[in-house]
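Novice:
2 protein chains.
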Amino acid sequence: MELDAKSNHILDAALPVFVRHGFRKASMADIARAANISRASLYLSFGSKEELFRAGSTRAHARTMRQVEAALGGNGDVFSRIESAIAAFHHGLIAPFASSSDAVELFEVNMALAKDITLVARATLVDLLAQALADAEAARVVALDRVNSKPVDIANVVVAAMDGIKHAPGDEAKLQAAMQLFMRLLRAAIS
Amino acid sequence: MELDAKSNHILDAALPVFVRHGFRKASMADIARAANISRASLYLSFGSKEELFRAGSTRAHARTMRQVEAALGGNGDVFSRIESAIAAFHHGLIAPFASSSDAVELFEVNMALAKDITLVARATLVDLLAQALADAEAARVVALDRVNSKPVDIANVVVAAMDGIKHAPGDEAKLQAAMQLFMRLLRAAIS
DNA sequence: ATACAAATGGACGATTAGTGTCTAATCGTC
DNA sequence: GACGATTAGACACTAATCGTCCATTTGTAT
Numbered sequence: 029m030e031l032d033a034k035s036n037h038i039l040d041a042a043l044p045v046f047v048r049h050g051f052r053k054a055s056m057a058d059i060a061r062a063a064n065i066s067r068a069s070l071y072l073s074f075g076s077k078e079e080l081f082r083a084g085s086t087r088a089h090a091r092t093m094r095q096v097e098a099a100l101g102g103n104g105d106v107f108s109r110i111e112s113a114i115a116a117f118h119h120g121l122i123a124p125f126a127s128s129s130d131a132v133e134l135f136e137v138n139m140a141l142a143k144d145i146t147l148v149a150r151a152t153l154v155d156l157l158a159q160a161l162a163d164a165e166a167a168r169v170v171a172l173d174r175v176n177s178k179p180v181d182i183a184n185v186v187v188a189a190m191d192g193i194k195h196a197p198g199d200e201a202k203l204q205a206a207m208q209l210f211m212r213l214l215r216a217a218i219s
Numbered sequence: 029m030e031l032d033a034k035s036n037h038i039l040d041a042a043l044p045v046f047v048r049h050g051f052r053k054a055s056m057a058d059i060a061r062a063a064n065i066s067r068a069s070l071y072l073s074f075g076s077k078e079e080l081f082r083a084g085s086t087r088a089h090a091r092t093m094r095q096v097e098a099a100l101g102g103n104g105d106v107f108s109r110i111e112s113a114i115a116a117f118h119h120g121l122i123a124p125f126a127s128s129s130d131a132v133e134l135f136e137v138n139m140a141l142a143k144d145i146t147l148v149a150r151a152t153l154v155d156l157l158a159q160a161l162a163d164a165e166a167a168r169v170v171a172l173d174r175v176n177s178k179p180v181d182i183a184n185v186v187v188a189a190m191d192g193i194k195h196a197p198g199d200e201a202k203l204q205a206a207m208q209l210f211m212r213l214l215r216a217a218i219s
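Here is the structure:
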């Protein structure tokens, strides 16, 4: 699933159109105009509006998971690396749409058109977090037996917390603060 | 042309919908939803989308002209009062739409549906400015003969400058700075 | 409880906008 | 000029929106 330069250019242009108008009200004409190409040649790159959206979701997920892996492979202790990974996930797949007044529709459409990719990415995130925690446990950096759980359990809770926090009311700053508080709790619990 | 509470409520709700989607893509269903009423009862207040838009434009112009008159009747010298009046005009009738990506469409639709109101307001603005300048001249505060012109000429130039400056590229701050510079020029020229 | 007005959901035909497809014409590059 | 890429424009089809209508519900006053 590699994209040529033109397709990438189109997806770059399409994102803000979807963010502004939502899926239903974003027309192929709008997207073509934003990409400075004709509607005809838009259909040369993507066979349908749904295919285009799916390609955008796929690209965003691929990019984001690369960022997540980089964050987990970076410097710092397990907790700060996990925090960075969560931040990368949020920044790549949630924040861009949070500002949209059609965010709900966009997430629904995404689940309708790219459910597989979305769920795989979510599962991969959990796996990666679990792996990082398992490594830390092996290195005696964390003690998961203190909470009587396995790495994958903790990973699931972390992701679920991120999910819950993102749905809670409040602006971007409050959200980040809540996530950091959660990470401090985690650190205190299993360090 | 008095509006009841419900109509005012609807127009309040409709404005951000028009700003976000433009006229064409803003549906009556969108507006009804924003106003928390049914589409059916939206049509009880306004017979059509065009009538609703026109009512909104009319209300905005009426409110703004009241602000303009208040500014010209306020404290300070002629120049600062004129500056306030221009700012009120801009704040009431231009700034709310400047942020919209469909600003061009909205201004076009406004000229199609509420041209009369818009042109009368513009003419009234010129008249009010000319009146203020004439008063200042009578009080020997300004000397229009220095530029060999009549109050109405100056007023027209001020409004035209505002128009031109608003169409120039740059953000809100640059625009305000440009207008203030223009006012300093005027002050220097006819004080 | 009854009467009345206001508001609603739902359906309607008519109209418009959008989708996806196709072709002939144009553009840019070799 | 030849070539592939891109385009405008038209096409049939579908979906969305408009403006209208009415039966029903909701709220309020009596």
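Order-wise, the sequence lines are chains A and B. If you count by the numbering used here, then the first sequence holds residues 29 to 219, one letter each, in order. If you count by the numbering used here, then the second sequence holds residues 29 to 219, one letter each, in order. Where is the CB? At the ideal position from N, CA and C, for every residue including glycine.
Roughly how many angstroms lie between the CA atoms of G171 (chain A) and F125 (chain A), to the nearest whole one?
Specialist: Correcting the residue type first, residue 171 (chain A) is Ala in the shown sequence and not Gly. Approximately 37 Å between the Cα atoms of the pair.
Novice: Using a threshold of 8 Å, state whether the C-beta atoms of M190 (chain A) and M211 (chain A) are closer than that.
Specialist: No; because the gap between Cβ atoms is not below 8 Å, this pair is not in contact.
Novice: Can you find a C-beta in chain A that's less than 8 Å from the C-beta of R61 (chain B)?
Specialist: False, the Cβ-Cβ gap to chain A never drops below 8 Å.
Novice: Put D105 (chain A) into one of helix, strand or coil per three-state DSSP.
Specialist: Here D105 (chain A) sits in coil by DSSP.
Novice: Rounded C-beta distance between L157 (chain B) and V187 (chain B)? I'm assuming under 8 Å.
Specialist: At roughly 7 Å, the Cβ-Cβ gap stays under 8 Å, so L157 (chain B) and V187 (chain B) are in contact.
Novice: Quick check: the region 95 to 111 of chain A against the region 159 to 178 of chain A, are there 3 or more CB pairs under 8 Å?
Specialist: Short answer: they touch.
Novice: Is F135 (chain B) helix, strand or coil by DSSP?
Specialist: In the structure shown, F135 (chain B) sits in a helix (DSSP, three-state: H, G or I).
Novice: Buried or exposed: where does L141 (chain A) fall if 16 or more other Cβ atoms within 10 Å of its Cβ makes it buried?
Specialist: By the 10 Å Cβ count, L141 (chain A) comes out buried.
Novice: How many Å lie between T146 (chain A) and P44 (chain B) at the Cα?
Specialist: In a straight line, the C-alpha of T146 (chain A) is about 32 Å away from that of P44 (chain B).
Novice: Buried or exposed for R67 (chain A), going by 16 or more other Cβ atoms inside 10 Å?
Specialist: The residue is exposed, with fewer than 16 neighbouring Cβ atoms inside 10 Å.
Novice: Please confirm whether K77 (chain A) has its beta-carbon closer than 8 Å to some beta-carbon of chain B.
Specialist: It does not: the Cβ of K77 (chain A) has no partner Cβ on chain B nearer than 8 Å.
Novice: Going straight from the alpha carbon of S69 (chain B) to that of H37 (chain A), what length do you get?
Specialist: Roughly 44 Å between the two C-alpha positions.
Novice: Determine, for R48 (chain A), whether the minimum Cβ-Cβ distance to residues of chain B falls below 8 Å.
Specialist: By this cut-off, R48 (chain A) is an interface position.
Novice: Grouping DSSP H, G and I as helix and E and B as strand, with all else coil, what is D181 (chain B)?
Specialist: The answer is helix: DSSP assigns D181 (chain B) an H, G or I state.
Novice: Please list the partners that S127 (chain B) has in chain A, where partner means a Cβ-to-Cβ separation under 9 Å.
Specialist: Near S127 (chain B) there are no residues of chain A at all, since even the closest Cβ is about 12 Å away, more than 9 Å.
Novice: Does M93 (chain A) pass the burial test, meaning 16 or more other C-beta atoms within 10 Å, or should it be called exposed?
Specialist: Buried: at least 16 other Cβ atoms inside 10 Å.
Novice: Between which residues of its own chain and A116 (chain B) is the CB-CB distance below 6 Å, once the five residues before and five after are set aside?
Specialist: The answer, listed in chain order, is Q95, V96 and A99.
Novice: By the 10 Å Cβ neighbour count, where 16 or more other Cβ atoms means buried, how is D130 (chain A) classified, buried or exposed?
Specialist: Counting Cβ neighbours within 10 Å, D130 (chain A) comes out buried, since at least 16 surround it.
Novice: Thinking A63 (chain B) and A41 (chain B) are a contact (beta carbons under 8 Å), I'd like their distance in whole angstroms, please.
Specialist: A63 (chain B) to A41 (chain B), Cβ: 4 Å. Contact.
Novice: If we count the other Cβ atoms within 10 Å of its Cβ and call it buried at 16 or more, is V132 (chain B) buried or exposed?
Specialist: Under this definition V132 (chain B) is an exposed residue.
Novice: Can you check whether the C-beta of F53 (chain B) is within less than 8 Å of a C-beta belonging to chain A?
Specialist: Reading the sequence as shown, one finds Lys at residue 53 (chain B) and not Phe. Answer yes: the Cβ-Cβ gap between K53 (chain B) and chain A drops below 8 Å somewhere.
Novice: Confirm, please, whether the CB-CB distance from G120 (chain A) to S112 (chain A) is below 8 Å.
Specialist: Against a cut-off of 8 Å, the Cβ pair of G120 (chain A) and S112 (chain A) comes out as no contact.
Novice: Less than 8 Å separating the beta-carbons of R174 (chain A) and A217 (chain A)?
Specialist: Yes, Cβ-Cβ distance for R174 (chain A) and A217 (chain A) is below 8 Å.
Novice: Assuming R168 (chain A) is part of the alpha helix (DSSP H), what are its boundary residues?
Specialist: Premise fails: R168 (chain A) is in no alpha helix (DSSP H) and is neither H nor E.
Novice: Can you list, in chain order, the stretches of the alpha helix (DSSP H) that have 4 or more residues and sit fully within the region 48 to 94 of chain A?
Specialist: 56 to 62 and 67 to 73, all fully within the region 48 to 94 of chain A.
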